[in-house]
Amino acid sequence: MSIITTLIAQPDNTLQREKMACLLSRLFKGELDPAEVFTPDYQQYTDGHALDYRGFVQHLNHVRSQVRAIAFRVEELACHENLLADRHWATVTYPDGRQAELEVYMFAALREGKICRIHEVTQTIGGDASHRALAHATQ
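Written out as structure tokens, the structure reads:
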């Protein structure tokens, strides 16, 4: 059973949200191979910016190189057949101690137990509005 299949099979929404936050944290910390979660033809659209699988991996590496810490809190999560949607918060701490908080609305299409496409919109809640670019930056 894949990570995503296990997540959506969980009947308790509180546990689903906790597992999703853990998945995001592990992914952005480099503790989880993106290939375990995303299809090879994965496409991501964030705030009008498109990334393919390779670009997404570059994005993960870029974020890791730019931040000291990143924490996720999933406020809402819903699953239906091959769709997964959530509203989550990402709290980013930069090396100099500055923080930014982003709210993310994410809609994911699933195929064969993995995410094949994500459409998401972000907004900066705390910190400078320019921090929003981190949501799709690759360099």
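When the letters of the sequence shown are read in order and numbered with the working numbering, they come out as residues 30 to 168.
Quick reminder that beta carbons are idealized off the backbone N, C-alpha and C, glycines included.
All figures in this text were calculated on a predicted structure; none of them were measured in a lab.
Straight-line Cα distance separating residue j from residue i
i      : j      : result
Phe136 : Leu113 : 6 angstroms
Lys92  : Asp81  : A small fix is needed here, since residue 92 is Val in this sequence, not Lys. Distance between the alpha carbons of Val92 and Asp81 is about 16 angstroms.
Glu110 : Gly142 : 11 angstroms
Pro69  : Val121 : 28 angstroms
Arg97  : Ala129 : 12 angstroms
Ile37  : Arg83  : 25 angstroms
Val133 : Val103 : 9 angstroms
Best match in the options for proximity to residue i [C-alpha to C-alpha]
i      : options                           : result
Tyr123 : Ile99, Tyr134 and Cys145          : Ile99
Gln73  : Gly59, Glu65, His88 and Asp62     : His88
Leu44  : Leu106, Phe85 and Gly59           : Leu106
Asn90  : Asp62, Arg146 and Ile37           : Asp62
Ala119 : Gly59, Leu53 and Ala64            : Leu53
Asp157 : Leu131, Val150, Glu149 and Arg140 : Leu131
Arg146 : Leu36, Phe67, Gln39 and Thr34     : Phe67
Ala79  : His117, Val150 and Met49          : Val150
Ile32  : Thr153, Glu65 and Glu60           : Glu65
His117 : Gln152, Leu36 and Thr35           : Gln152
Gln39  : Gly126, Cys108 and Asp115         : Cys108
Sheet register partners of residue i (DSSP bridge)
i      : result
Gln45  : Answer is none; Gln45 lacks a bridge partner.
Gly156 : DSSP, once it has assigned bridges, lists no residue as partnering Gly156.
Phe57  : DSSP lists no partner for Phe57.
Simplified DSSP assignment, three categories, for residue i
i      : result
Glu141 : coil
Glu149 : strand
Which full runs of the alpha helix (DSSP H) of 4+ residues lie inside the region 69-137, going along the chain?
82-95
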